[in-house]
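Visitor:
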Amino acid sequence: MALVIKVGGRAVVRNLKGVLKDLAEVSKDREVVLVHGGGDVVTEYSRKLGVEPKFVVSPTGIRSRYTSREELEVYVMVMAGKLNKEVVAGLMSLGVRAVGLSGADGGLLLAERKKRIIVLDERGRKRVIEGGYTGKIVSVNTEVLKTLLNMGYVVVVAPLAIDGEGTLLNVDGDQAACAIARELKAEDLVLLTDVDGVLINGEVVKEIKVGEIDELVKKVGYGMNRKLLMVKEVLESGIKKVIISSGLVDRPITHALSGCGTLVRC
Numbered sequence: 074m075a076l077v078i079k080v081g082g083r084a085v086v087r088n089l090k091g092v093l094k095d096l097a098e099v100s101k102d103r104e105v106v107l108v109h110g111g112g113d114v115v116t117e118y119s120r121k122l123g124v125e126p127k128f129v130v131s132p133t134g135i136r137s138r139y140t141s142r143e144e145l146e147v148y149v150m151v152m153a154g155k156l157n158k159e160v161v162a163g164l165m166s167l168g169v170r171a172v173g174l175s176g177a178d179g180g181l182l183l184a185e186r187k188k189r190i191i192v193l194d195e196r197g198r199k200r201v202i203e204g205g206y207t208g209k210i211v212s213v214n215t216e217v218l219k220t221l222l223n224m225g226y227v228v229v230v231a232p233l234a235i236d237g238e239g240t241l242l243n244v245d246g247d248q249a250a251c252a253i254a255r256e257l258k259a260e261d262l263v264l265l266t267d268v269d270g271v272l273i274n275g276e277v278v279k280e281i282k283v284g285e286i287d288e289l290v291k292k293v294g295y296g297m298n299r300k301l302l303m304v305k306e307v308l309e310s311g312i313k314k315v316i317i318s319s320g321l322v323d324r325p326i327t328h329a330l331s332g333c334g335t336l337v338r339c
């Protein structure tokens, strides 16, 4: 059974060697798909290239990157290029057979472009704006993944997708990992972030049941609320459990699988 891991951008920047070293051990007897983030790196390069990043907040309190055509070009360059290939190169240096893909390769991730989105303006009023180049995943080409996994490769996925017209789209990394885990019927889904798990009043919540998520999203901050809503969807689709844990510790994947962090289950 497959193990799907999403490693957040801050863990990629601050602890990539630690993540990859642990993954090299874990992948010896597991099929692994690794989805990586990298939003902070995209922001850094956008500003270097004179493109100011923009973020929006939905009426439900979900904060996300607004992807203009200009920022999409930077996003593709950084995510599918720089970061994806650094992860692959790091794994190869450890003797791990790895292949890097974006969601566009082989039609791995097909998404629908959001034509319009509703956001809150600076006064807290609802506004409808153009959707930019952000998508919601509607299908996963598991044939591509299964072929590579059966050949013994670790598959490293950059969270990009294409729509039915071949337009590249930015998709959320947690969304990509959840969609892949759902379609592969993964045994384990691990979301590595820059905190120890789901925090309420500074304390890690050790276990959450899916029915508690709607209430909990009101108590956690930007980022974690979105993550929990993605987790709710994947649990309702049949995956039995998801682990949210720190990607900044020593051996972070083993750390999560051994019971550290937050276990979210049906």
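If you read the sequence shown in the working numbering, its first letter stands for residue 74, the second for the next number, and so on. Glycine residues also receive a C-beta, built at the ideal position from the N, C-alpha and C atoms. None of these values were measured; they are calculated from a predicted model.
1. Comparing alpha-carbon positions, which option in 80, 129, 218, 159 lies nearest residue 267?
2. Whose CA, out of 110, 321, 231, 250, lies closest to the CA of residue 172?
3. If distances are taken between C-alpha atoms only, which option among 213, 188, 207, 211 comes closest to residue 201?
4. How about residue 205 and residue 139: do their beta carbons lie closer than 8 Å?
5. Between the beta-carbon of residue 234 and the beta-carbon of residue 197, is there less than 8 Å?
6. Quick one: give me the first and last residue of the alpha helix (DSSP H) that residue 30 is part of.
7. Three Cβ pairs or more, each shorter than 8 Å: is that satisfied between the stretch 322-335 and the stretch 85-99?
8. Ignore the nearest five residues each way along the sequence and tell me which others in residue 130's own chain have a CB closer than 7 Å to its CB.
9. What residue ranges within the stretch 122-203 form continuous beta strand (DSSP E) runs of no fewer than 3 residues, ordered along the chain?
10. Report all residues from its chain with a CB closer than 8 Å to the CB of residue 265; omit the five preceding and five following residues, and keep chain order.
11. On a Cα-Cα basis, can you pick out the residue from 143, 253, 165, 110 that is closest to residue 86?
12. According to DSSP, simplified to helix, strand and coil, what is residue 296?
13. Who are the near neighbours of residue 254 in its chain, counting only those whose CB is closer than 7 Å to its CB and skipping five residues on each side?
14. Who are the near neighbours of residue 249 in its chain, counting only those whose CB is closer than 8 Å to its CB and skipping five residues on each side?
15. At what residues does the beta strand (DSSP E) containing residue 312 begin and finish?
16. Note the first and the last residue of the continuous alpha helix (DSSP H) segment covering residue 83.
17. Expressed to the nearest angstrom, what Euclidean distance is found between the alpha-carbon atoms of residue 297 and residue 332?
18. Mind checking which residues open and close the beta strand (DSSP E) that includes residue 288?
19. So what's residue 119 in DSSP terms, helix, strand or just coil?
20. Using the three-state DSSP reduction, which class does residue 114 fall into: helix, strand or coil?
21. Among 144, 106, 219, 90, which one has its Cα closest to the Cα of residue 113?
22. Could you tell me whether the Cβ atoms of residue 302 and residue 283 are closer together than 8 Å?
23. How long is the line joining the alpha carbons of residue 305 and residue 286, rounded to whole angstroms?
24. Tell me which residues share the same chain as residue 260 and place their Cβ nearer than 6 Å to its Cβ, disregarding the 5 neighbours each side in the sequence.
25. Leaving out five residues on either side along the sequence, give the residues of the same chain with a beta carbon under 8 Å from the beta carbon of residue 120.
26. Tell me the residue span of the beta strand (DSSP E) that contains residue 260.
Guide: Concretely, from the data shown:
1. 80
2. 231
3. 188
4. yes
5. no
6. The structure shown does not extend to residue 30, since the chain is modelled only from 74 through 339, so no value can be given for it.
7. yes
8. 136, 192, 193
9. 127-130, 136-139, 171-175, 182-186, 189-193, 199-203
10. 78, 79, 80, 81, 84, 92, 318, 319, 320, 325, 326, 329
11. 110
12. coil
13. 77, 262, 307, 312
14. 79, 108, 176, 182, 210, 230, 232, 234
15. Looking at the DSSP string, residue 312 is not in any beta strand (DSSP E), and its letter there is neither H nor E.
16. 82-99
17. 19 Å
18. Counting along the chain, residue 288 falls outside any beta strand (DSSP E), though it belongs to the alpha helix (DSSP H) covering 286-289.
19. helix
20. helix
21. 144
22. no
23. 7 Å
24. 74
25. 126
26. Note, residue 260: premise wrong, no beta strand (DSSP E); not H, not E.
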